[in-house]
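Reviewing the structure listed below.
Numbering (our numbering), first residue to last: 42 to 187.
Dropping the structure here:
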């Protein structure tokens, strides 16, 4: 009898990546709305002050770590591949966003977000895997008893 590790489906990997990024997108929008709602001067300012971008960076750091954790939780034994996919998707969308808003936001803000995203996603994924390790499922192969 041989033991074979059950492989996670590609749908589960894709779902883990999309769910992780959906968490980041949703909470980033909610944070932006909340900050603009509670700080009245942001609604009337021509340019956003530096502290606004610091708030966004800190919030996005928390969301990125949480997304890595969620991605690893959903992907189970394929957490490494799903985490790499989440990092690649986030960097691609972040680079496009940085390019589109290059003249509207301080350059340091875009660069910092692009730089901290991958390590934080990886850290969140590693936290999940270390706190709650997923044991691979083994399947017994039947041999014909001829």
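The C-beta atom is built at its ideal place from N, Cα and C for all residues, glycine as well.
If I follow the unbroken alpha helix (DSSP H) through residue i, where does it start and stop?
i, result
"residue 160", "148 to 172"
"residue 82", "81 to 85"
"residue 124", "120 to 141"
"residue 145", "Residue 145 -> no alpha helix (DSSP H), and no H or E assigned at all."
"residue 114", "91 to 116"
Assuming the contact rule is C-beta atoms closer than 8 Å, residue i and residue j should be a hit. Round their C-beta distance to whole Å, please.
i, j, result
"residue 162", "residue 109", "4 Å"
"residue 127", "residue 61", "4 Å"
"residue 49", "residue 118", "6 Å"
"residue 104", "residue 153", "Between residue 153 and residue 104 the Cβ distance is about 14 Å, and since that is not below 8 Å, they are no contact."
"residue 164", "residue 151", "The Cβ separation is near 21 Å, so there is no contact."
"residue 170", "residue 120", "6 Å"
State yes or no: is the beta carbon of residue i nearer than 9 Å to at least one beta carbon in chain C?
i, result
"residue 165", "The structure shown contains no chain C, having only a single protein chain."
Segment contact, 8 Å Cβ cut-off, at least three pairs: the segment 73 to 84 with the segment 129 to 149: Too few Cβ pairs lie closer than 8 Å, so no.
Runs of alpha helix (DSSP H) wholly within the segment 47 to 77 (minimum 4 residues, chain order): With a minimum length of 4 residues, no continuous alpha helix (DSSP H) run stays inside the segment 47 to 77.
Inter-stretch contact at 8 Å, needing at least 3 Cβ pairs: the segment 113 to 124 / the segment 137 to 149: With a cut-off of 8 Å, the segment 137 to 149 and the segment 113 to 124 do not count as touching, because too few Cβ pairs lie within range.
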